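A.B. asks:
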Amino acid sequence: SSSASTAVSSGSAGSAYTGSTTGEQILAKAASYLGTPYVYGGASPSGFDCSGFVYYVYGTFGIEVGRTPASQYSAGRQVDKASLQVGDIVLFAGTGGSGITHAGNGQFIHSPNSRSTVSYSDLTSGYWSEHFYCGIRVV
Numbered sequence: 001s002s003s004a005s006t007a008v009s010s011g012s013a014g015s016a017y018t019g020s021t022t023g024e025q026i027l028a029k030a031a032s033y034l035g036t037p038y039v040y041g042g043a044s045p046s047g048f049d050c051s052g053f054v055y056y057v058y059g060t061f062g063i064e065v066g067r068t069p070a071s072q073y074s075a076g077r078q079v080d081k082a083s084l085q086v087g088d089i090v091l092f093a094g095t096g097g098s099g100i101t102h103a104g105n106g107q108f109i110h111s112p113n114s115r116s117t118v119s120y121s122d123l124t125s126g127y128w129s130e131h132f133y134c135g136i137r138v139v
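In structure tokens:
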């Protein structure tokens, strides 16, 4: 599959989010889980997988997001790498991975795999840059 995960707004998939949550709030919530272990199928503070992490963080703000990569892809407006903003969801081709952007320094936060924990990774070069698929703007 060449998509990963995103988030769905509080209306139907793809509808415009009209709440007051900001990307900075989403990122701050995501960062509060740094060090949380990766758990396959996990979507809670006891352990997250990649899309479960995005699902949970957005959900804490009452933003209903899909749990699967396909539903999350439909959640918002697609943006390219150069247009990413804090709080956007990032999707990767061929990895099944996703995360939340930390704009300004080329990093994003995610729960990458069973050998890692919730952490920051570089989006500007290397593996994640090469596999970048798109960003999704929900808020």
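Residue numbers (my numbering): 1 to 139. We put the beta carbon where it would ideally sit given N, CA and C, even for glycine. Quick caveat: nothing in here was measured; it's all calculated off a predicted structure.
Can the beta-carbon of valine 139 be found less than 8 Å from the beta-carbon of threonine 21?
C.D. replies: Your numbering for residue 139 matches position 139 in the sequence shown. Your numbering for residue 21 matches position 21 in the sequence shown. Going by C-beta atoms, valine 139 is nearer than 8 Å to threonine 21.
A.B. asks: Using the Cβ count rule (16 or more neighbours within 10 Å means buried), how would you classify leucine 34?
C.D. replies: Locating residue 34 in the sequence shown gives position 34, counting from the first residue. The residue is exposed, with fewer than 16 neighbouring Cβ atoms inside 10 Å.
A.B. asks: How do the stretch 112-129 and the stretch 61-72 stand: do at least 3 beta-carbon pairs fall below 8 Å, yes or no?
C.D. replies: In short, these stretches do not touch, since the Cβ pair count stays below three.
A.B. asks: For threonine 18, count the other beta carbons within 10 Å of its own beta carbon; 16 or more makes it buried, fewer makes it exposed. Which is it?
C.D. replies: Position 18 of the sequence shown holds residue 18. Under this definition threonine 18 is an exposed residue.
A.B. asks: Sort Gly135, Ala30, Phe61 and Tyr40 by Cα distance to arginine 115 and report the nearest one.
C.D. replies: Position 115 of the sequence shown, counting from 1, holds the residue named residue 115. When each option's Cα is compared against that of arginine 115, the closest is Tyr40.
A.B. asks: Measuring only the C-alpha atoms, how far is tyrosine 58 from serine 129?
C.D. replies: On the sequence shown, residue 58 is found 58 positions in, with the first residue counted as 1. On the sequence shown, residue 129 is found 129 positions in, with the first residue counted as 1. So the alpha carbons of these two residues sit roughly 23 Å apart.
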